[in-house]
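In my numbering, the protein residues as written are 26 to 180. C-beta: ideal position from N, C-alpha, C; glycine also. Since this is a predicted model, take the numbers as computed values, not measurements.
Below you can see the structure in the form of structure tokens.
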């Protein structure tokens, strides 16, 4: 598995410390997507972006961990989880990147960060979002299609 990373120094005009970088990881398979998100989750720092190449991604075999606000590692009740990162489709068209599960649990758990320009499909929850689940958080979701997802309460 080979992840393609590019590191871009942030603009000096932003008056950020010299060591601040934006890390962009391009992925084109489910294994790369999960590995990149897992890496970013364990870093627990802002500035990471995962860019997903066009395609369909079956995440039904995965369940991720993330660090909670106390720094403890928690197993996500969803297929994918992220905190403090941006995950987006490469082309900007949500039809080009489809992430789907097997209909047994939510697709995505997000605490802080952004989800952009992709489609989430075939998720299920008993409480909360069947596609994207988020509680007491600052999660920005834009240009995202959620389809074929169910929730029996508060979804």
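(request) Report the option in 135, 141, 105, 117 whose CA atom is closest to the CA atom of residue 126. (result) Comparing alpha carbon positions, the residue from 135, 141, 105, 117 closest to residue 126 is 105.
(request) For residue 168, count neighbouring C-beta atoms within 10 Å of its own C-beta (all shown protein chains included) and say buried if the count is 16 or more, exposed if not. (result) It counts as exposed.
(message) Tell me the DSSP secondary structure of residue 86 in three-state form.
(response) Shown here, residue 86 sits in coil according to DSSP, grouped into three states, outside any helix or strand.
(message) So, for residue 85: in the same chain, excluding its five sequence neighbours on each side, which residues have a beta-carbon less than 6 Å away from its beta-carbon?
(response) Listed in chain order, the non-local C-beta contacts of residue 85 below 6 Å within the same chain comprise 126, 127, local neighbours out to five positions each way being set aside.
(request) Please report the residue range of the beta strand (DSSP E) in which residue 145 lies. (result) In the DSSP assignment, residue 145 falls within the beta strand (DSSP E) that extends over 137-146.
(request) Note the first and the last residue of the continuous alpha helix (DSSP H) segment covering residue 55. (result) Note, residue 55: alpha helix (DSSP H), 55-68.
(request) Inspect the CB distances between the region 111-121 and the region 151-163 and report whether three or more fall short of 8 Å. (result) Verdict: no, contact absent.
(message) Taking the straight line between their C-alpha atoms, what separation do you get for residue 54 and residue 95?
(response) Going by the C-alpha atoms only, they are around 31 Å apart.
(message) Please return the same chain residues whose Cβ sits closer than 8 Å to the Cβ of residue 61, not counting the five positions on each side in sequence.
(response) By the criterion of a C-beta distance shorter than 8 Å, residue 61 is surrounded in its chain by 28, 50, 52, 75, once the five residues flanking it on both sides are discounted.
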